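Numbering of the sequence shown is given in my numbering, commencing with residue 1 and proceeding in unit increments.
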Amino acid sequence: MLPKLPSQDDDPTRQEQLFQTQLRYRYVYDWPPGVATAVKLYEGDEYGLEYTARSLPIYASIAENTAEHAADSLFGHDPLKAIKDIFNALKPAEFRSQFFDLSGDISKGVSTRRPERWQEYEDIFQTWEKPPIVRFYSGPLAELNRAFAWQRLAGANPMVLFRVSRLPDNLPVTPAIFAQVMGGGDTLDAAFGEGRVYLADYQVLSGVISGKTNGLQKYVSAPMALFAVERGSGVLRPVAIQCGQTPGKAFPLFTPNDGWHWRMAMAQVQVADAATHEGVFHLGRTHLVIEAVLLAAKRQLAEAHPLSVLLTPHFDHTLAINDSAKFSLTAPDGTVDHCFGPRIDQFGGLVHKAIQTLSWQNLDPNLELQSREVDDVESLPVYPYRDDALPVWAAIKGWVSDYVRTYYASPHDVRGDEELQAFAREISSPDGGRIPGVPVPDTVEDVIELVTRIVFTASAQHSAVNFSQFPFMSMVVNMPGASYTPPPTKDTPNDEAAYTAMMPPMKSVSEGVNMVYLLSSLRMSELGHYPLTQFKDPRILAALVRFRSALSEVEDANERRDKKRFISYPYLRPSLILQSISI
Numbered sequence: 001m002l003p004k005l006p007s008q009d010d011d012p013t014r015q016e017q018l019f020q021t022q023l024r025y026r027y028v029y030d031w032p033p034g035v036a037t038a039v040k041l042y043e044g045d046e047y048g049l050e051y052t053a054r055s056l057p058i059y060a061s062i063a064e065n066t067a068e069h070a071a072d073s074l075f076g077h078d079p080l081k082a083i084k085d086i087f088n089a090l091k092p093a094e095f096r097s098q099f100f101d102l103s104g105d106i107s108k109g110v111s112t113r114r115p116e117r118w119q120e121y122e123d124i125f126q127t128w129e130k131p132p133i134v135r136f137y138s139g140p141l142a143e144l145n146r147a148f149a150w151q152r153l154a155g156a157n158p159m160v161l162f163r164v165s166r167l168p169d170n171l172p173v174t175p176a177i178f179a180q181v182m183g184g185g186d187t188l189d190a191a192f193g194e195g196r197v198y199l200a201d202y203q204v205l206s207g208v209i210s211g212k213t214n215g216l217q218k219y220v221s222a223p224m225a226l227f228a229v230e231r232g233s234g235v236l237r238p239v240a241i242q243c244g245q246t247p248g249k250a251f252p253l254f255t256p257n258d259g260w261h262w263r264m265a266m267a268q269v270q271v272a273d274a275a276t277h278e279g280v281f282h283l284g285r286t287h288l289v290i291e292a293v294l295l296a297a298k299r300q301l302a303e304a305h306p307l308s309v310l311l312t313p314h315f316d317h318t319l320a321i322n323d324s325a326k327f328s329l330t331a332p333d334g335t336v337d338h339c340f341g342p343r344i345d346q347f348g349g350l351v352h353k354a355i356q357t358l359s360w361q362n363l364d365p366n367l368e369l370q371s372r373e374v375d376d377v378e379s380l381p382v383y384p385y386r387d388d389a390l391p392v393w394a395a396i397k398g399w400v401s402d403y404v405r406t407y408y409a410s411p412h413d414v415r416g417d418e419e420l421q422a423f424a425r426e427i428s429s430p431d432g433g434r435i436p437g438v439p440v441p442d443t444v445e446d447v448i449e450l451v452t453r454i455v456f457t458a459s460a461q462h463s464a465v466n467f468s469q470f471p472f473m474s475m476v477v478n479m480p481g482a483s484y485t486p487p488p489t490k491d492t493p494n495d496e497a498a499y500t501a502m503m504p505p506m507k508s509v510s511e512g513v514n515m516v517y518l519l520s521s522l523r524m525s526e527l528g529h530y531p532l533t534q535f536k537d538p539r540i541l542a543a544l545v546r547f548r549s550a551l552s553e554v555e556d557a558n559e560r561r562d563k564k565r566f567i568s569y570p571y572l573r574p575s576l577i578l579q580s581i582s583i
């Protein structure tokens, strides 16, 4: 049967199917508090055998690496057999509830000791290849500083940096400090005049209470980090860091000239970046936004609706992975609780705030980049996230436009589609998805914009913030989940021992690294590769061929850009973008 708009469908079972689906898929707002999630997971939404089969070698790899770096590992000398035994004993329904617990369980035998030297954290890579970021920690400080700045543009969280035309009142960087750091006769006034000054501000973490793990107090602050683009080279460089929102003795300014204090300050920024990445831009603004959209689609779009046919593959496994995260990964005493700085109730509040403050319009990367004033390629010539995201968006929008225009010929068709109207309203409804600001479509272009945002968020945006986790978070000194000493002051010993003391115990490191390895390894789909029988309407086939061709062109251009980059940024290469949030 071909997809049909409600006004074109005389099938009497259509309304009954919607009614039954609405009884089945309902909202609950318990965790994270106030955030819409599914009331329960049904059998048809479970992972399935293929998912389980693809997970097994990843867990085996985690077990083998853990056994090598930890002499008292849970699995002794035969970790592969142990993980296979666990899988063989699992029932399919149990896999969902234990999906994240398994990677944490592998670390249970790891010692809680604190390394005496920060270099010991590199020993976590035994059977795994070291990611490129590792090499910068044994190289020149100038290169490490560049790698630190690079992560605002092409790291795990390239969503924070924004341009400033003046310094905020609570960041007292003087012209003399700027000139000393940048050198070459550069001045703060010139940099402002040329639009070369940028800020990463983690004010969203201000007031967040830090948690404890194994009785050890953790710390997460709300730092501010100032950056400037170097004249001539176009390289983004760090200028100064303040580890809190209030200048003064508790939060002094540090610059690259401050020895180990500077490295401590960079680590504090990375702790904040990790919490913001996980709570705001990863879990909040991809996983949970799409879960709310998915539930509204299930409840308001009949299975025969053209948009249901298009969107269903972009929702594959999302309810299952979010359910696992809700009851394990982000639950009290879960891996996020163990490894990240905020107390777990505070983390839940951070996620809620991320969704409350979301701009639906900014799910279009063009508008999101404009809102941070980082869309200007002359002022900021190198920004891999931007440069790769926009061509993917354009390809997706072209496909969605072709698809939508096949079924909607005029605004009359849009306004007359009561299922579409109800779908859009429910995404934002207080007793529905609670995603703010979703407009109810009035024109065909409105439908295209709505659907493109959904497809881009479920595919490209999620892949960008998901698959970059292991490459940047696994080297713990690069991006620790939490600090284990307060932010440095001028009274903090300016030495390597104080820097090392900030870092997590090995048990937390092992659990956290195992988690990001799992999240960064499992792939179930590829953007543009739909199930063979997904589109039965022959009018869609030519549009799908054009989409696949456009993605191929985007891939080729991406690879050419990537060859010239300081550190590779492959996460928005179409062949590496998932179709849905399945991990």
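Think of the CB as a built atom: it goes at the ideal place given N, C-alpha and C, for glycine as much as any other residue.
These figures come from a predicted structure and were not determined experimentally.
Inter-residue CB distance, residue i and residue j (contact presumed, cutoff 8 Å)
{"i": "Arg114", "j": "Pro505", "result": "5 Å"}
{"i": "Ser508", "j": "His338", "result": "6 Å"}
{"i": "Ser483", "j": "Ala267", "result": "7 Å"}
{"i": "Leu578", "j": "Pro570", "result": "Contact flag wrong, Cβ pair sits at about 13 Å."}
{"i": "Phe423", "j": "Ala297", "result": "6 Å"}
{"i": "Arg196", "j": "Val229", "result": "4 Å"}
{"i": "Gly234", "j": "Val382", "result": "6 Å"}
{"i": "Ile344", "j": "Pro332", "result": "5 Å"}
{"i": "Leu205", "j": "Ala222", "result": "4 Å"}
{"i": "Glu291", "j": "Thr37", "result": "6 Å"}
{"i": "Glu511", "j": "Gly104", "result": "5 Å"}
{"i": "Tyr517", "j": "Ser474", "result": "7 Å"}
Simplified DSSP assignment, three categories, for residue i
{"i": "Val28", "result": "strand"}
{"i": "Thr112", "result": "coil"}
{"i": "Ser359", "result": "coil"}
{"i": "Arg263", "result": "helix"}
{"i": "Asp72", "result": "Note that Asp72 has pLDDT 49, beneath the 50 cutoff, so the model's placement of it is unreliable and no number is given."}
{"i": "Thr335", "result": "helix"}
{"i": "Pro131", "result": "coil"}
{"i": "Ser580", "result": "coil"}
{"i": "Ser584", "result": "A question about residue 584 goes unanswered here, because the residues of the chain that appear run from 1 up to 583."}
{"i": "Asp9", "result": "coil"}
{"i": "Pro342", "result": "strand"}
{"i": "Thr492", "result": "coil"}
{"i": "Val404", "result": "helix"}
{"i": "Leu18", "result": "helix"}
{"i": "Gly248", "result": "coil"}
{"i": "Asn478", "result": "coil"}
{"i": "Ser206", "result": "coil"}
{"i": "Pro593", "result": "This structure gives no information on residue 593, because the portion of the chain shown stretches from 1 to 583."}
{"i": "Tyr586", "result": "Because residue 586 is not part of the residues shown, which for the chain are 1 to 583, the question remains open."}
{"i": "His77", "result": "With a pLDDT of only 41 at His77, under 50, the local geometry of the prediction cannot be trusted, and no value is derived from it."}
{"i": "Leu2", "result": "coil"}
{"i": "Met524", "result": "coil"}
{"i": "Pro411", "result": "helix"}
{"i": "Ser508", "result": "helix"}
{"i": "Leu572", "result": "coil"}
{"i": "Phe566", "result": "coil"}
Residues that residue i bridges to, as DSSP identifies them
{"i": "Pro236", "result": "In the sequence under discussion, the amino acid at residue 236 is Leu, which differs from the Pro named in the question. DSSP output for Leu236 lists Val229 as bridge partner(s)."}
{"i": "Asp201", "result": "Met224"}
{"i": "Thr213", "result": "Leu216"}
{"i": "Ile241", "result": "Ala225 and Phe254"}
{"i": "Ser483", "result": "Tyr219"}
Legend entry - Three-pair Cβ contact test at 8 Å for the segment 294-306 versus the segment 419-430: yes
Inset, instruction - Kindly provide the ranges of any alpha helix (DSSP H) runs that are 4 or more residues long and lie completely inside the segment 433-474, ordered along the chain. - result: 444-456, 462-466 and 469-473
Inset, instruction - Tell me, please, whether the segment 540-548 touches the segment 396-409 by the rule of three or more beta-carbon pairs shorter than 8 Å. - result: yes
Legend entry - Segment contact, 8 Å Cβ cut-off, at least three pairs: the segment 42-49 with the segment 309-329: yes
Legend entry - Cβ contact check for the segment 382-389 and the segment 555-573: 3 or more pairs under 8 Å: yes
Legend entry - Completely contained alpha helix (DSSP H) runs for the segment 152-184, where each covers 4 or more residues: 175-182
Inset, instruction - Would you list, in sequence order, the uninterrupted alpha helix (DSSP H) runs of no fewer than 4 residues that lie entirely inside the segment 37-73? - result: 49-69
Inset, instruction - Count the C-beta pairs between the segment 138-157 and the segment 175-188 that are closer than 8 Å, then say yes if the count reaches three, no if not. - result: no
Legend entry - Given 8 Å, three or more beta-carbon pairs between the segment 26-38 and the segment 462-481: no
Inset, instruction - Decide if the segment 459-468 is in contact with the segment 274-294; the criterion is three or more beta carbon pairs, one per stretch, under 8 Å apart. - result: yes
Legend entry - At least three beta-carbon pairs within less than 8 Å, the segment 236-256 to the segment 515-529: no
Inset, instruction - Spell out a yes or no on whether the segment 261-276 and the segment 200-217 are touching, meaning 3 or more CB-CB pairs, one atom from each, closer than 8 Å. - result: yes
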